[in-house]
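*Asks:* Per the numbering used here, the sequence shown runs over residues 1 to 228.
Structure below; questions to follow.
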Amino acid sequence: MKLVHPSWPFQIDFSDGKQTLISIENPRILRKFISELEIQLQGESGEFVLSEDSRVIPLEKHLFIIPSPIIFQIEDKRIQTRLQAMLKTFAVSCDLVMATNEILSALEKYAEIISDCFPLRVRYELPEISTVLKVLGFEPEYEFANALEKLLEYMNLLYEYCGITGFVIVGLSMYFDSDEIHLLLSECRSLKHSLLLVEGRCDECFLKTLPIHKLIIDYDGCVIDSEG
């Protein structure tokens, strides 16, 4: 997958676990870049184009932006929605359809008993299996010991449940040191998670230590391209 924008003379490679850092020194350009990309990833129209094998594909189905690598809800609504859809499909599959019908039948009998015994006249509506599954409170199982593990677990859940393979992380160097960032890059590389790290002005020594493709957009908007 490759991400392009008509304003930029470069493309971001999101294929096969590729990793890129883009350092945007002008705050206005940085703000515009992030806000436009985030709007498009919410399904709105825009000028960013994601393609694979010369075919345009929806950004929101393949990429995910993490505006803050430490402030986010790991119980993401997108993950929960996808989990409920998967559970519903699983509950009516050949292996479980009989058990599902038994549960719904038992609920119907239970409702009849309450309706017959209740001192006032009432009526009821039988639930869909999706409603029953929501009541049971299913959620992804995860564990983490620190902020870096939490970020990795979040990305893994988005991959497992939503099929996200490309991640845009904003301001990683503000919260994690060089060793932690190297560990994140190594873990993502092994898991084939493609990364775009979006930063403001970066220390030159820090940039040199990162073994990834680096793009620097200086204050005037000129692009410096440097391989890792």
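Cβ coordinates follow ideal geometry from the N, Cα and C atoms, glycine included.
Note that this is a predicted model, so its numbers are computed, not measured.
Straight-line CA distance for residue 170 to residue 200?
*Replies:* 9 Å
*Asks:* For a test of the three-state rule: what should DSSP assign to residue 122, helix, strand or coil?
*Replies:* coil
*Asks:* Can you tell which of 133, 147, 186, 143 has its C-alpha closest to the C-alpha of residue 92?
*Replies:* Closest by alpha carbon: 133.
*Asks:* When you compare only the Cα positions, how much space is there between residue 149 and residue 140?
*Replies:* 16 Å
*Asks:* Just to confirm, are residue 129 and residue 100 a CB contact at a threshold of 7 Å?
*Replies:* yes
*Asks:* Tell me the rounded alpha-carbon separation between residue 28 and residue 151.
*Replies:* Counting only the Cα atoms, residue 151 lies some 27 Å from residue 28.
*Asks:* Report the CB separation of residue 212 from residue 19 in whole angstroms; it is logged as a contact under 8 Å.
*Replies:* 4 Å
*Asks:* Since residue 104 contacts residue 126 with CB under 8 Å, what's their CB separation in whole angstroms?
*Replies:* 7 Å
*Asks:* Evaluate contact between the stretch 184 to 204 and the stretch 151 to 166, counting only Cβ atoms and requiring at least three cross-stretch pairs below 8 Å.
*Replies:* yes
*Asks:* When we look at the beta-carbon of residue 155 and count the other beta-carbons within 10 Å, is it buried (16 or more) or exposed?
*Replies:* Residue 155 is buried by the Cβ-count criterion.
*Asks:* In chain order, what are the residue ranges of uninterrupted alpha helix (DSSP H) at least 4 long that sit wholly in the stretch 141 to 186?
*Replies:* 147 to 162
*Asks:* Comparing C-alpha positions only, which one of 26, 157, 206 sits nearest to residue 179?
*Replies:* 206
*Asks:* Within the same chain, show all residues whose beta-carbon is closer than 6 Å to that of residue 237, passing over the 5 residues directly before and after it, in chain order.
*Replies:* Outside the shown range of the chain (1 to 228) lies residue 237, about which nothing can therefore be said.
*Asks:* Between which two residues does the beta strand (DSSP E) containing residue 55 stretch?
*Replies:* 55 to 57
*Asks:* Threshold first: 4 residues or longer. Then list the alpha helix (DSSP H) segments lying entirely within the stretch 66 to 136, N to C.
*Replies:* Taking only runs of at least 4 residues, the alpha helix (DSSP H) segments lying wholly in the stretch 66 to 136 are 77 to 91, 97 to 117, 129 to 135.
*Asks:* What three-state label does DSSP hand residue 207 in the structure shown?
*Replies:* helix
*Asks:* Could you compute how far the alpha carbon of residue 88 sits from the alpha carbon of residue 81?
*Replies:* 11 Å
*Asks:* On the three-state DSSP scale, how would you describe residue 61?
*Replies:* helix
*Asks:* Can you tell me where the beta strand (DSSP E) holding residue 40 begins and where it ends?
*Replies:* Segment 27 to 41 is the alpha helix (DSSP H) holding residue 40; no beta strand (DSSP E) there.
*Asks:* In this structure, does DSSP put residue 45 in helix, strand or coil?
*Replies:* coil
*Asks:* Using the C-alpha atoms, what's the distance from residue 176 back to residue 12?
*Replies:* 23 Å
*Asks:* When the Cα of residue 110 is compared with those of 224, 98, 124, 120, which residue comes out closest?
*Replies:* Its Cα nearest to that of residue 110, the residue 124 stands out among 224, 98, 124, 120.
*Asks:* Taking 7 Å as the cut-off, decide whether the C-beta atoms of residue 71 and residue 147 are in contact.
*Replies:* no
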